[in-house]
Amino acid sequence: MGLFSSVKPLLGQKFSKLKKECLNRSEKFSDPKFPPHDSSLFFSKDPPGVITWKRPHEIVDNPRLFVEGVSANDVTQGQLGNCWFVAACASLTGVKELWHRVIPDYKDQEYGDLHPGIFHFRFWRFGEWIDVVVDDLLPTIDGQLIFTHSREKGEFWCALLEKAYAKLHGSYEALEGGNLSDALVDLTSGVSAHLDLSIGGYQDDFEKRKQLFKMMTQEHEEKALMCCAITVSELYPN
Numbered sequence: 001m002g003l004f005s006s007v008k009p010l011l012g013q014k015f016s017k018l019k020k021e022c023l024n025r026s027e028k029f030s031d032p033k034f035p036p037h038d039s040s041l042f043f044s045k046d047p048p049g050v051i052t053w054k055r056p057h058e059i060v061d062n063p064r065l066f067v068e069g070v071s072a073n074d075v076t077q078g079q080l081g082n083c084w085f086v087a088a089c090a091s092l093t094g095v096k097e098l099w100h101r102v103i104p105d106y107k108d109q110e111y112g113d114l115h116p117g118i119f120h121f122r123f124w125r126f127g128e129w130i131d132v133v134v135d136d137l138l139p140t141i142d143g144q145l146i147f148t149h150s151r152e153k154g155e156f157w158c159a160l161l162e163k164a165y166a167k168l169h170g171s172y173e174a175l176e177g178g179n180l181s182d183a184l185v186d187l188t189s190g191v192s193a194h195l196d197l198s199i200g201g202y203q204d205d206f207e208k209r210k211q212l213f214k215m216m217t218q219e220h221e222e223k224a225l226m227c228c229a230i231t232v233s234e235l236y237p238n
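Residue numbers (the UniProt record's numbering): 1 to 238.
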């Protein structure tokens, strides 16, 4: 795991040290660097309602980081325009070696008795891995998570991963309208390639489509992540 020999803690927060301190004091971790405050949510608009920050054990009786592993079907977008990040997370679940990098020591981070409410995730930024520590206070309205969440009841890995990514960017709002290629790079340290199928003659050229499928098959065998996106147009304009 040479890639992780020089992991840099974001804002100087070292996960092991902070977790040990919380356990020694029998306290839940509350992150002073990314507090449960509106400033962590939005910088240019008001929240979509009355926000209450809750820990998973205040939302469900038996919270888990994972419920029967991870699946692309777990990840559900909430009230935030970050479908690019949600799609990248869903793609990540298909390659175990990759999500193990992003969610290090995942078994040790699992919920259990006396869990200190602290997690850490890793993202590739500007040529180095950044370790991001977060608490597990999550924004809710009427007891429901308002941003990315899992379809599996009681599973919180994707909500916590999104919180760490939001912290890395400064706020949840900073994740709106991003680029799918950027998210894939941040989650893998790889190099992304973007292909626009609306140009280049793919619709009318069978041979081009055949070569594209061959390339995609080869990349899939190499465990490359692949995502697609469409442009949504208004079918019935006013």
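All C-beta atoms in this analysis are idealised placements derived from N, C-alpha and C, irrespective of residue type, glycine included.
None of the values given here were measured: they were computed from a predicted structure.
Which residues mark the beginning and the end of the alpha helix (DSSP H) in which residue i is found?
i: I118; result: No alpha helix (DSSP H) holds I118; the beta strand (DSSP E) holding it covers 118-125.
i: I59; result: 56-59
i: residue 241; result: Summary: the structure shown does not reach residue 241, with the chain confined to residues 1 through 238, and so no result is reported for it.
i: R25; result: 15-25
i: T148; result: Unbroken run through T148: none, as it is neither H nor E.
i: V185; result: 180-188
i: E162; result: 157-169
Which value, in whole angstroms, describes the spacing of the CA atoms of residue i and residue j?
i: F4; j: L187; result: Per-residue confidence for F4 stands at a pLDDT of 49, beneath the threshold of 50, marking its modelled position as unreliable; the derived number appears in the next sentence. If I take the Cα positions, the gap works out to 13 angstroms.
i: A193; j: V7; result: 25 angstroms
i: Q144; j: K210; result: 45 angstroms
i: N73; j: T93; result: 9 angstroms
i: L11; j: I199; result: 43 angstroms
i: M215; j: T76; result: 29 angstroms
i: F85; j: C158; result: 11 angstroms
i: F15; j: A87; result: 27 angstroms
i: H220; j: K45; result: 41 angstroms
Look at the Cβ atom of residue i, then the Cβ atom of residue j, and state whether they are nearer than 8 angstroms.
i: L184; j: L137; result: no
i: Y172; j: F147; result: yes
i: L18; j: F29; result: yes
i: F119; j: L160; result: yes
i: Q109; j: L65; result: yes
i: A164; j: L175; result: no
i: V102; j: F121; result: yes
i: D105; j: P9; result: no
i: I141; j: V60; result: no
i: H169; j: G78; result: no
How is the beta strand (DSSP E) around residue i delimited, first residue to last?
i: L138; result: 138-141
i: V95; result: Per DSSP, V95 belongs to no beta strand (DSSP E) and is neither H nor E.
i: D135; result: 128-135
Taking all protein chains shown into account, decide if residue i is buried (16 or more other Cβ within 10 angstroms of its Cβ) or exposed.
i: A229; result: exposed
i: S91; result: buried
Could you pull the DSSP bridge partners for residue i from this structure?
i: L225; result: In the DSSP output, where bridge partners are listed per residue, L225 has none listed.
i: P9; result: D131
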